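**Q** Numbering (our numbering), first residue to last: 4 to 124.
We put the CB at the ideal spot given by N, CA and C, even for glycine.
Since the model is a prediction, treat every value here as computed from it, not as a measurement.
Before we start, here is the structure in question, set down as structure tokens.
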């Protein structure tokens, strides 16, 4: 078992793998236990999402779904190293870049959906 774990840790890009797992787990928790009221502690919090309760509820559900999608994509991409066999430094740089792009996509997609569904807010 230890040999398998060592092999996997050498072959996958660990940063997108772990962040993908964290995103997916966090999103599942957020979808199962969404924040009921607008707050500054828990949930998808931006100026647009905190305008009113209806926008808040929509943004929590939408961002949770997007976070699951992004998390699963990151986990999938982390296995590309089986085929590419990238150097360790390149894996770290690519992994961090992918995580930053994933976060930006999550933010911009949710904000765009808020503007589309609540144009007068």
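Mind listing, in chain order, the continuous beta strand (DSSP E) runs of no fewer than 3 residues lying wholly within the stretch 87-124?
**A** none
**Q** Return helix, strand or coil for residue 79, following the three-state DSSP convention.
**A** helix
**Q** Between 34, 15, 7, 79, which has its C-alpha nearest residue 69's C-alpha?
**A** 34
**Q** If you draw a straight line from the C-alpha of residue 7 to the C-alpha of residue 78, how long is it?
**A** 18 Å
**Q** Helix or strand or just coil, what does DSSP make of residue 84?
**A** helix
**Q** Taking the continuous alpha helix (DSSP H) assigned at residue 46, which residues delimit it?
**A** That residue, residue 46, is in no alpha helix (DSSP H); it is neither H nor E in DSSP.
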